[in-house]
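Peer 1:
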Amino acid sequence: MNLRTLFYVLSAIFLGFLIPYLIATYLFNKEVLSPEQQLANAMWRGSIYSLFALGYALIFSILGLLNLAHSSVFMWGGYIGLMSVLKLDMPIWVAMPVGMIGGGLVAVSVDVIAFMPLRRRNAPRISQLISSIGASVILLSLATLIFSSTPKRFPQDSIDALPGTADKPLTWLLDNANVRITPIQIAIFVIPIVLMFLLEYMVNSLKIGKAMRVVAFNQRIARLLSINVGNIFAFTFFLSGVLAGAAGVLQGLAFNSMTPYMGATVALKGLTVIVLGGLGNIRGAVVGGFLVANIEIMSIALGYGWLSDAVVFSSLFLILLVRPQGLLGESGKMRA
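Counting in this note's numbering, the sequence shown runs from 60 upward without gaps.
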């Protein structure tokens with residue numbers, strides 16, 4: 060576990076909550092209802108945002124452009140996990156990796172169809188960007204055709220089969236602070252954190268991760284070092300899809316509702332997160348995810364939920380005025 064990354068995560072969680080709290084309390088004389096509960100809510104929501112944004116950051120670090128089909132991969136990963144429970148009677152703890160693998164395969168399909176043919180023709184990046192939009196629309200249409208637009212939920216008995224149940228919150232953990240935390244919320248917070256540290260370990264320590272960093276730095280040098288750039292592209296897309304699939308399943312568990320349009324609500328937040336943290340920066344995606352979640356939750360807690368998106372983007376604008384490259388951004392390259 061990298062202590063610097065842990066420091067960044069904890070700083071994003073607590074400073075991202077503390078600063079808006081102090082501003083609201085002492086500058087605007089606003090009372091924050093149950094601040095401990097709001098912090099708990101921001102922690103699990105920030106985990107989902109960070110996990111989703113990591114996929115964006117990975118693709119940007121390799122290709123230098125945004126994969127705008129990432130939100131649809133997120134949605135498909137969630138649905139694959141859900142269908143494995145509904146149709147195959149898998150327990151949720153098995154459906155989770157199934158959704159992750161499914162998301163990875165969908166992401167590789169997006170690369171093969173939308174990106175690879177254009178890369179081989181040295182097409183402009185704007186063409187690849189537009190192609191990813193087309194892939195996103197196709198995936199959304201297919202999901203609507205197959206699953207319909209009616210919201211679907213995880214069966215309650217599958218949730219009850221988990222250690223602890225969603226209808227028995229672990230209030231005893233923080234009883235004096237009157238905080239309601241469910242086992243599902245704990246899992247939603249812990250699983251993304253574990254995946255983030257595994258990703259960082261892979262990028263920094265494993266051979267495939269080092270090859271990814273070389274490709275991110277310079278593809279020509281990578282080829283001179285006998286690195287198969289095409290395989291690195293495919294692996295990166297698969298990995299980004301795995302992260303998106305995990306985020307999709309966790310999002311479905313968090314709200315126990317899935318529709319083909321669930322990716323649209325997270326897509327813009329994910330873009331905000333990676334711009335805020337620094338394009339292509341792994342730690343930046345993590346920090347940005349928790350910051351955005353804290354700002355969003357505090358806006359809701361203060362009674363301005365209808366302005367939460369405006370507050371998030373206003374904060375992004377102010378931060379970019381000071382650091383145009385984002386909080387942890389350096390030349391748009393992947394750094395762990």
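Even glycine gets a Cβ: it sits at the ideal position worked out from N, Cα and C.
In angstroms with no decimal places, state the Cα-to-Cα distance between SER195 and SER131.
Peer 2: C-alpha separation (whole angstroms): 6 Å.
Peer 1: Let me know the secondary structure DSSP gives ASN88 once reduced to three states.
Peer 2: In the structure shown, ASN88 sits in coil (DSSP, three-state: anything other than H, G, I, E or B).
Peer 1: Report the three-state DSSP secondary structure of MET149 (helix, strand or coil).
Peer 2: Reduced to three states, the DSSP call for MET149 is coil.
Peer 1: Could you check what DSSP says for ASN277 in three-state terms: helix, strand or coil?
Peer 2: Of the three classes helix, strand and coil, the one that applies to ASN277 here is coil, per DSSP.
Peer 1: How should LYS266 be labelled, buried or exposed, when 16 other C-beta atoms within 10 angstroms of its C-beta is the threshold for buried?
Peer 2: With fewer than 16 other Cβ atoms within 10 Å, it is exposed.
Peer 1: Considering Cα atoms alone, identify which of LEU254, VAL325, SER358 is closest to MET134.
Peer 2: Closest option to MET134, Cα to Cα, is VAL325.
Peer 1: According to DSSP, is ASN353 part of a helix, a strand, or is it coil?
Peer 2: ASN353: helix per DSSP, three-state reduction.
Peer 1: At which residues does the alpha helix (DSSP H) containing SER374 begin and terminate?
Peer 2: Element bounds for SER374: 367-381.
Peer 1: Please tell me whether GLN310 and TRP103 are closer than 8 Å, where the distance is taken between their beta carbons.
Peer 2: Result no, Cβ atoms of GLN310 and TRP103 do not sit closer than 8 Å.
Peer 1: Using DSSP with H/G/I as helix, E/B as strand and the rest coil, what is ASN315?
Peer 2: Note: ASN315 maps to coil in three-state DSSP.
Peer 1: With DSSP collapsed to three states, give me the class of ASN340.
Peer 2: Strand at ASN340.
Peer 1: Is it right to say PRO319 is buried, meaning 16 or more other beta carbons lie within 10 angstroms of its own, or is it exposed?
Peer 2: By the neighbour-count rule (16 or more Cβ atoms within 10 Å), PRO319 is buried.
Peer 1: Could you tell me whether the region 349-363 touches the region 96-110, using the rule of 3 or more Cβ pairs below 8 Å?
Peer 2: Output reads yes: the region 96-110 touches the region 349-363.
Peer 1: As a quick exercise: from ALA369, VAL370, THR331, LEU312, pick the residue whose alpha carbon is nearest that of GLN215.
Peer 2: Checking every option, the nearest Cα to that of GLN215 belongs to LEU312.
Peer 1: Please classify ASP170: is it buried, with 16 or more other beta-carbons within 10 angstroms of its beta-carbon, or exposed?
Peer 2: Buried: at least 16 other Cβ atoms inside 10 Å.
Peer 1: What is the rounded straight-line gap between the Cα of ARG212 and the Cα of LEU141?
Peer 2: Whole-angstrom Cα-Cα distance: 8 Å.
Peer 1: Contact between the region 185-194 and the region 330-339: three or more CB pairs below 8 Å?
Peer 2: Contact between the region 185-194 and the region 330-339 is absent, because fewer than three Cβ pairs lie under 8 Å.
Peer 1: State the Cα-Cα distance for the pair GLY348 and ALA128, rounded to the nearest angstrom.
Peer 2: Their Cα atoms are separated by approximately 19 Å.
Peer 1: Determine the closest residue to ARG178 out of LEU198, VAL288, LEU254, GLN97, with distance taken between C-alpha atoms.
Peer 2: For ARG178, the nearest C-alpha among the options comes from VAL288.
Peer 1: Please work out which residues of its chain come closer than 8 Å, Cβ to Cβ, to SER208, disregarding the five sequence neighbours upstream and downstream, and give them in chain order.
Peer 2: Closer than 8 Å at Cβ, skipping near neighbours: THR318, PRO319, TYR320.
Peer 1: Can you tell me the Cα-Cα spacing of PRO156 and ALA306, whole angstroms?
Peer 2: Computed Cα separation, rounded: 11 Å.
Peer 1: For PHE174, which option in PHE296, ALA246, ASP148, THR241 has the closest C-alpha, if you only look at C-alpha atoms?
Peer 2: Checked all of PHE296, ALA246, ASP148, THR241; the closest Cα to PHE174 is PHE296.
Peer 1: For PHE111, collect the residues of the same chain with a Cβ closer than 7 Å to its Cβ; drop the 5 residues on either side in sequence, then sort them by chain order.
Peer 2: Cβ neighbours of PHE111 beyond the five flanking positions: PHE133, ALA303, ALA306, VAL325, GLY329.
Peer 1: From TRP231 to PHE73, what distance separates their C-alpha atoms?
Peer 2: Low confidence applies here, because TRP231 scores a pLDDT of 45, under 50, leaving its location unreliable; read the following figure in that light. When rounded, the distance between both Cα atoms is 22 Å.
Peer 1: Could you spell out where the alpha helix (DSSP H) holding VAL196 opens and where it closes?
Peer 2: Segment 184-206, the alpha helix (DSSP H) holding VAL196.
Peer 1: Just tell me which of ALA270, PHE76, SER70, VAL68 has its CA closest to the CA of ASN290.
Peer 2: Here the closest residue by C-alpha is ALA270.
Peer 1: Anyone know if the C-beta pair for PRO251 and SER109 falls short of 8 Å?
Peer 2: Yes.
Peer 1: Is the Cβ-Cβ distance between ILE139 and VAL301 less than 8 Å?
Peer 2: Cβ atoms of ILE139 and VAL301: not closer than 8 Å.
Peer 1: Thinking C-beta only, is GLY158 closer than 8 Å to VAL308?
Peer 2: It is a contact, given that the beta carbons lie within the stated cut-off.
Peer 1: Taking the alpha-carbon positions, what's the GLN384 to VAL346 distance?
Peer 2: When rounded, the distance between both Cα atoms is 14 Å.
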